[in-house]
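Q: Note that the numbering used here has the sequence shown beginning at 3, numbered continuously upward. Where is the CB? At the ideal position from N, CA and C, for every residue including glycine. Remember, predicted model here, so these are calculated numbers, not experimental data. Before I ask anything, let me first share the structure, which is written out below as structure tokens.
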Amino acid sequence: MQDAAIDPIRLSVAICTHNRGRETERCLAALSPAPEGVETLVIDSGSAPREAELIRAAAARHGATHVRLPAPGLSEARNAALAAARGRWIAYLDDDATPARDWCAVLLRTVAADPELAATGGPILPQWQAQLPCWWPPSLRAVLTIIDQVRPSEPGVADIDPYGANIAFRRDVLIRFGGFPTCLGRRAGLMISNEETYIIRRLRRGGLKVRFTPDLVVHHEIDRSRLNPAWLVRRQYWSGVSEAVMLGALGEPRLARAARLALHALLLAPFGLWPPASTGQIGLRCKAAYARGFLRGALGEGHIVHPALP
């Protein structure tokens, strides 16, 4: 354990951003003033010059450490934050997430109360730019990075997997596990994800303690541009890709699942011809897209870095 007299930083809070100066400013403002023992870091992941200047200025206004990377890549940005952090714990917030006013206090209290804890996270409540459409399948709310239907008294709440918009790790543990895998995580033109899920699964598999903290709350802005059928189907395609790549990185079996999904993809192929803007048969179209994505992730991982594909 770190000696607080030698290193007073208990918590590093990292905001990884790309072309979101306004959102970064809002997130930093919600964290200010940071409690004693908390540092903030802003990692600019290859933003365009104008946005990069807004991000740099926001970091300076709020006393945050600013790191600029030359190219977009969420896992690379999170790993850069890990390298720059000084805290015993490192927390990650999405740039379009706004932490509750007591967020730092809750997190510090949570980790201080349980020395065996390796990772934690909490609810992600939506801030809608537009109302969620009635055709949106309830089972796919989570693809909008939402965890909002949690009752603290329910059994099993502590076992919910946190999402990357609101997640924290003991820094030495995350370093020991090699940080975030760069085969996963958003990058230019690709909606690949699951980088934090990969880490959580490795922690659980290693017998380390991961716990969901119901009062560790952030509010996540849901862009209206996502609330359409074309985005949802595309998102499900990349969910399939991400799941397959993650399973490969974890060394878990996936061929049997790929075979089942190949049959699904064949049977559901006609739904891939549906007009992108239509809400008709949206559930089946999402299943078809996920199946195609999983097959691509399982069979063609070496080509996933090329953004020309859907």
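(1) Please report the straight-line C-alpha distance between A102 and V220, rounded to a whole angstrom.
(2) Under a Cβ-count criterion, where at least 16 other Cβ atoms within 10 Å of its own Cβ denotes burial, should L43 be classed as buried or exposed?
(3) Considering C288, what are the terminal residues of the beta strand (DSSP E) in which it resides?
(4) Of the choices R189, I149, N230 and R207, whose alpha-carbon is the least far from that of L252?
(5) So, with DSSP's three-state summary, where would you put F273?
(6) Is it buried or exposed for W137, if we count other Cβ within 10 angstroms and need 16 for buried?
(7) Per DSSP, F171 is paired with what?
(8) As an exercise, report each continuous alpha helix (DSSP H) stretch of at least 4 residues that is fully enclosed by the segment 37-76, in chain order.
(9) Kindly indicate which three-state DSSP category R153 falls into: helix, strand or coil?
(10) Since W105 is in the alpha helix (DSSP H), which residue starts that stretch and which ends it?
(11) Just checking, does the segment 194-210 make contact with the segment 264-279 on the three C-beta pairs under 8 Å criterion?
(12) Just reading off the alpha helix (DSSP H) that C136 is part of, what are its end residues?
(13) According to DSSP, simplified to helix, strand and coil, what is L218?
(14) Quick one: what's I201 bridged to in DSSP?
(15) At a cut of 8 Å, does the segment 78-86 reach the segment 39-56 through at least three beta carbon pairs?
(16) Please say whether E223 and Q129 have beta carbons closer to each other than 8 Å?
(17) Check for me: the alpha helix (DSSP H) holding S14 runs from which residue to which?
(18) Quick one, are the C-beta atoms of R203 and G242 less than 8 Å apart?
(19) Excluding sequence positions up to five away, which residues of its chain have a Cβ less than 6 Å from the Cβ of A73?
(20) Who are the Cβ neighbours of D163 in its own chain at under 6 Å, not counting the five residues just before and after it?
(21) Give me the Cα-Cα distance between R70 and H20, rounded to the nearest whole angstrom.
A: From the atom records:
(1) 5 Å
(2) buried
(3) If you look at C288, you'll find it isn't in any beta strand (DSSP E); it sits in the alpha helix (DSSP H) that goes I284 to L301.
(4) R207
(5) Looking at F273 - three-state DSSP - the assignment turns out to be helix.
(6) exposed
(7) In DSSP, F171 forms a bridge with I92 and A121.
(8) 51-63
(9) coil
(10) W105 to A115
(11) Look at the beta carbons and you see the segment 194-210 not touching the segment 264-279: under three pairs across the two are nearer than 8 Å.
(12) DSSP places C136 outside any alpha helix (DSSP H), giving it a letter other than H or E.
(13) Coil at L218, not helix or strand.
(14) Under DSSP, I201 forms no beta bridge with any residue.
(15) The answer is yes - the segment 39-56 touches the segment 78-86, with three or more Cβ pairs under 8 Å.
(16) yes
(17) Premise fails: S14 lies in the beta strand (DSSP E), L13 to T19, not in any alpha helix (DSSP H).
(18) no
(19) G48
(20) Same-chain partners within the cutoff: I202.
(21) 10 Å
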